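Residue numbers (the working numbering): 122 to 193.
For glycine and all other residues, C-beta sits at the position ideal for the given N, C-alpha and C.
Note that this is a predicted model, so its numbers are computed, not measured.
Encoded as structure tokens, the structure appears first; notes follow it.
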């Protein structure tokens, strides 16, 4: 799945190097096109860690699922 810049995504897995956990929210700030045989990459920002940009593979993120609010 290709993501647009500034899309909010969640991590699909932990990234222990930065203390990030599966389900953490972030925003895509850069997209790295890779050759056809390799997976595209993305830079993410907005974690609860200031001044950090994390590079991830496309398979490590997924779109935020909108929650549905039921009106009474």
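Its Cα nearest to that of residue 178, the residue 165 stands out among 165, 142, 186.
Look at residue 164 here: in three-state DSSP terms it is strand. In summary, residue 130 is buried, with 16 or more beta-carbon neighbours lying within 10 Å of its beta-carbon over all protein chains present. Of the residues assessed, residue 146 falls on the exposed side of the cut-off, its CB having fewer than 16 other CB atoms within 10 angstroms. In the three-state scheme derived from DSSP, where H, G and I count as helix and E and B as strand, residue 156 is classed as coil.
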